[in-house]
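Asker:
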Amino acid sequence: MNRKNLIFFPIFMGVLFTLFSQESQVFVHDDKAFQDALALYNNQQYQAAQAVFEKVRANTEDYETEANSAYYSANAAIRLNQRGADKMMEDFVERYPTSTKRNSAFMDVADYYFDTGKYPYALKWYKKVDQSAMSHSDGERFNFNMGYALYASKRAKEAERYLSKVSTSAKYGSQAKYYLGYIAYEQDDYEQASARFDQITDPELLNEKLSYYQADLNFKLGNFEEAIAMAEKQLPKSDRKEQSELNKIIGESYFNLKRYDEAIPYLKKYRGKRGKLNNTDYYLLGYAHYKQGDYESAIQQFNKIIGGTNSVSQNAYYHLAECYLNVDKKPEALNAFRNASQMDFSGDIQKDAFLNYARLCYEIGNPYQPVPQVMAAYLEKYPKDEHQSEIQELLVDSYITSKNFEGAMQLLEENSSYASKETYQKVAYYRGVELFIDGQYEAALERFAKALKNTENPNFEARALYWKAESAYRLNRFEEALADFIRYQKLPAAKSMEEYEVSDYNLGYCYFKLKDYSNAISHFKKVTNATGIDDQQRNDGYLRLGDSYFVTSKYRLAQSAYEEASKANGPERDYAAFQKTLCVGFLGNSSGKIAGINEFLIRYPKSPLRDDALFELGNTYIKVNRESEGLKTYDRLIAEYSRSRFAPRALLRQGLVHYNASRNDQALDKLKIVVQKYPNTQEAKQAVATAKLVYVDEGKVSEYAAWARGLDFVEVTDAELDNASYEAAERKYMEGKTEVAIRAYEDYLNEFPNGMNALEVNFKLAQLYFANGDKAKALPKYQVVANSGSGEFVEQALTRVCEIYVEKQDYQNAISYLKQLENIAEISQNRTFAQSNLMKGYYNKKNYDKTIEYAEKVLGAEQVDDRIKSDAQIMIARSAMATENESLAQIAYQKVKEIATGELAAEAWYYDAFFKNKDQDFEASNISVQKLAKDYSAYKKWGGKGLIIMAKNFYNMGDAFQATYILESVISSFSEFETIVAEAKGELAVIKTKEAEINSSVDPNQN
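Residue numbering for the sequence shown follows our numbering, starting at 10 and increasing by one per position.
1. What is the C-beta distance between Val683 and Ala696, in whole angstroms, given that I count them as a contact (C-beta under 8 Å)?
2. Relative to the C-alpha of Ala806, which residue among Gln818, Val793, Val815 and Lys817 is closest?
3. Once the 5 residues before and after Gln59 are set aside, which same chain residues still bring their CB inside 6 Å of it?
4. What are the boundary residues of the alpha helix (DSSP H) that includes Asp337?
5. On the CB-based measure, 16 or more other CB atoms within 10 Å of its CB, does Pro340 come out buried or exposed?
6. For the stretch 653-661 against the stretch 673-689, are there 3 or more C-beta pairs whose distance is under 8 Å?
7. Is the beta carbon of Ala960 closer than 8 Å to that of Ile975?
8. Can you give the Cα-Cα distance for Met848 and Ile824, rounded to whole angstroms?
9. Thr74 and Phe4 - do their beta-carbons sit closer together than 8 Å?
10. Is Gly156 near Leu132, with beta carbons less than 8 Å apart?
11. Would you tell me roughly how many angstroms separate the C-alpha atoms of Val37 and Thr109, rounded to the nearest one?
12. Our contact map puts Ala272 next to Ile258 with C-beta atoms below 8 Å; I'd like the distance itself, whole angstroms only.
13. Return the chain-ordered list of same chain residues with a C-beta closer than 7 Å to the C-beta of Ala114, the five sequence neighbours on each side being excluded.
14. Mark Gly850 as exposed unless 16 or more other C-beta atoms lie within 10 angstroms of its C-beta, in which case mark it buried.
15. Going along the chain, which residues of its own chain have a beta-carbon closer than 7 Å to the beta-carbon of Thr892, five neighbours each way excluded?
16. Suppose the cutoff is 8 Å on Cβ atoms and the five residues either side in sequence are ignored; what does the same chain contact list for Phe26 look like?
17. Any contact between the stretch 806-818 and the stretch 781-791? By contact I mean 3 or more CB pairs, one from each, below 8 Å.
18. Of all the alpha helix (DSSP H) runs that stay within the bounds of the stretch 291-351, which reach a length of 4 or more residues?
19. For Gln971 and Ala922, what's the separation of their Cα atoms in angstroms?
20. With the cut-off set at 8 Å, would you say Ala492 and Ala460 are in Cβ contact?
21. With a threshold of 16 other CB atoms inside 10 Å of the CB of Leu680, please say whether the residue is buried or exposed.
22. Assuming Glu996 is part of the alpha helix (DSSP H), what are its boundary residues?
23. If you count every other CB in all the chains shown that lies within 10 Å of the CB of Val4, and 16 or more means buried, which is it?
24. Straight-line CA distance for Tyr327 to Leu343?
25. If we count the other Cβ atoms within 10 Å of its Cβ and call it buried at 16 or more, is Gln252 buried or exposed?
26. Under three-state DSSP, which class holds Asn1008?
27. Nearest to Lys499 by CA position, among Asn796, Glu470 and Asn324, is which residue?
28. To the nearest angstrom, how far is it from the Cα of Val867 to the Cα of Gln844?
29. From what residue to what residue does the alpha helix (DSSP H) around Ser937 run?
30. If you draw a straight line from the alpha carbon of Thr464 to that of Phe414, how long is it in whole angstroms?
31. Kindly indicate the opening and closing residues of the alpha helix (DSSP H) around Pro467.
32. Could you check whether Tyr269 and Asn256 sit closer than 8 Å to each other, using their CB atoms as the reference points?
33. Which same chain residues, not among the five before or five after Ser512, have their C-beta less than 7 Å away from its C-beta?
34. Which residues mark the beginning and the end of the alpha helix (DSSP H) in which Pro657 is found?
35. How about Leu388 and Gln378: do their beta carbons lie closer than 8 Å?
36. Mind reading off the beta-carbon distance from Thr864 to Ile885? Whole number of angstroms is fine, and I expect it under 8 Å.
Below you can see the structure in the form of structure tokens.
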């Protein structure tokens, strides 16, 4: 029986009684038309009745008939819902103030609106009723109807006043007590509600409705056993909606009695308000499963609690974290503990959650903030905690495990009690290695020096000394490197180290760079005879041994060393073969040299030394009077290697050969080609000097003068002054007086901007500027040399120009020089440098095809280290992503992941997670994100992007808590990355909209 039926049955009977009474009084009236209209009205034919009543009212002269007709006509209008019906009834009351129906009119209209459920309208008319003129029965009906209309209009306090007046009525008492009890129930006054419900005697009410509320009241009063009994009694009689509520009462009662196994079935049957559960509902079911040890089921409930900010949520997230730990899901546990630690509803839970969060951060990493920061925050929040020493130790270790060695050094320098001196020694050493790998040799040397101030651990002392020496060597501080390598060899701990095996190799190079060739020979001999050295270093040892012998004119010994090097399949086997042939020549065997060079040219068709070989071959042919073959060899060199530094030399040699053979016209032709094609080079200046001799021999001095004046790189009349000025500057340079040499070179160029030595001076001046760190001044000087086209210094100058532009990321200017360097480079490392930066330059210009082309060139080069390889692979990967070639990108990123370090590795791990997510391998994708968080936390941009992938993974795996919490954390923790935050907000909005469909606690509009 619904609420309307409870109320309206007695009221309807009262209305009928009133209408029948009125009908009997009117029935005796003489006017037949009025009687017909009344019959139509009583048969609910209001439209027809109204028309007749209006006609009667217009024609009758009887006041009472006229008033009654107006009354019924207005009543019909109300029942027909006509516009202005209320006004008609008000007009009736105003026009017929003495009518017997005046008071009943108000009551009748009010009752009509009440019966039709239009309670605000009913209230309007009930307020017009004169209660003093009412009968007792009408008064009871008025009070009950008024009370219920107020209750239905959400005006409970006013309703109580009227309902209380009929609480003892035989007719309305039970219903009044029911609603009075319900008002108390809704106002959480459970004692009063229970008392009122207990007074109800109506069996229909007791059977159909009251058991539910009494069950709920007992639950809210803490009478759980009684609540269970009443609710179970009511269950069979209830509809689906009420059954859901009763299941909730039973389930929560068992829950409060800690009978969790009995609570679970009932809690599962609860369907929520309007078909939606809320965070508390999920907590109860989750906690019941948790107490039963069913952690997977508990997680499925707890992780539906989204956006909770109360004590229930804090408890839920803490227990959720425990559940995750019990099923070995540590990354998920970290998020849950972190969330619980950010709430302060329970200080004990907050502290314990923070402690577990810190421990997990140390163990698996933290994607939101640096792990050391978490430890430091715990120590600051709980300075006298019993776990202080544990967290201090973890703090130091967290810097080390997250590879933030600089941070660890600073921490230990400020808090020496946190760890031992040995720990500081190790940290300084590892930071030095890190900087060394990044090519920051000055900074690396400084950290190694700090490590050597604490010599607690002999092994780390030896390692620090070794790498300090390596850093000095890379900075061209060869004497310092030599001293440290010698010290290193004397340390007892060094002898058991892997680095010790190559210490002679390093010492040999130091002596070699210092031009102390006898000591270099001594150490390179040890290298070639060593057993614990790899083949590449042994082969290089033979090469440098050969070079040392060669420089000291010990050609037979050099030849032997080069022979050993050429036997190995090393990257410089062509160099060894070529040098060996040169030794044959220096030992007086010119025919052997010629045969050797020709064999070299056949055997090494792609060697960068081919132009050297052709030049030497041409020279040797001329030397043994095989002039024709010599000139042809020079022609071949010029044709095949026009940009080689040997091309102008070959032309010059041809000119000299023709001149010596008195073929002056042919000599001038060659010499003028040198001047024309290679101006500003030393060869061009020599060509001018030799041409002068030819012109003089021919008696054509005036022709020479006219020709020479047209050249802008020679001062015909000031040659002696030019050389004197150059030699003065050169002397200062050789003496190591840098500042004086710079001024002297600058004076030379001011005096002889196109002098015979201008090109060399520009190069040496650029080198001095560069060494002083003044790259802005160095650049134009290097450019003069680089733009000269050929010569001894062109390759070095081009390399420096490219370095300066690349360092500034100015690829617009760099690309043309990089192309030149690629074409003329004889040193393979310089060619690789050019190609790798052309790759980056084209990527910068969004020319992805060219980027990939140059990346493949870099990968195809010999002796390329992993850092350059990873650069090339990352360029391929990025270009592939930009051109939507994801299959190529995936392959390239996989290769980057295997060899890269630092930020490139972070990027590769992000894309590893990205592609696994696309393949719907969500768990594997999360593992990649966790790897990114643990090992590459310094690269926050990739960490933030990875977290969004992780959130998507979790949502796809049904874990809404993890998904939303991660996204909310990204929004709050990565504000410096606007695009990442925007993406996180978009994903969060989508998830919350979906979750709001099943969880009433979720506000989809709140981010």
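Built from N, CA and C at the ideal position, the CB exists for glycine as well.
Answerer: On the basis of the data shown:
1. 4 Å
2. Val793
3. Ser82 and Ala85
4. Taken as a continuous stretch (DSSP letters only), Asp337 belongs to no alpha helix (DSSP H), as it is neither H nor E.
5. buried
6. yes
7. yes
8. 10 Å
9. A query on residue 4 cannot be resolved here, the shown segment of the chain reaching from 10 to 1016 and no further.
10. no
11. Legend: pLDDT at Val37 = 42, less than 50; position of this residue unreliable, value from coordinates given subsequently. So the alpha carbons of these two residues sit roughly 16 Å apart.
12. With a Cβ gap of about 11 Å, Ala272 and Ile258 do not count as contacting.
13. Tyr80, Met98, Phe101 and Val102
14. buried
15. Tyr857
16. At Phe26 the pLDDT is 34, less than 50, meaning the model places this residue with poor confidence; the figure from the coordinates comes in the next sentence. There are no such residues.
17. yes
18. 304-311, 320-335 and 339-350
19. 17 Å
20. no
21. buried
22. Glu987 to Glu1004
23. The shown model of the chain, from 10 to 1016, leaves out residue 4, and the question about it has no answer.
24. 10 Å
25. buried
26. strand
27. Glu470
28. 6 Å
29. Phe931 to Asp944
30. 18 Å
31. Pro467 to Arg483
32. no
33. Phe494, Tyr497 and Gln498
34. Phe655 to Asn669
35. no
36. With the sequence shown as reference, residue 864 is identified as Ala, and Thr is not the correct amino acid for it. Right, their Cβ atoms sit about 5 Å apart.
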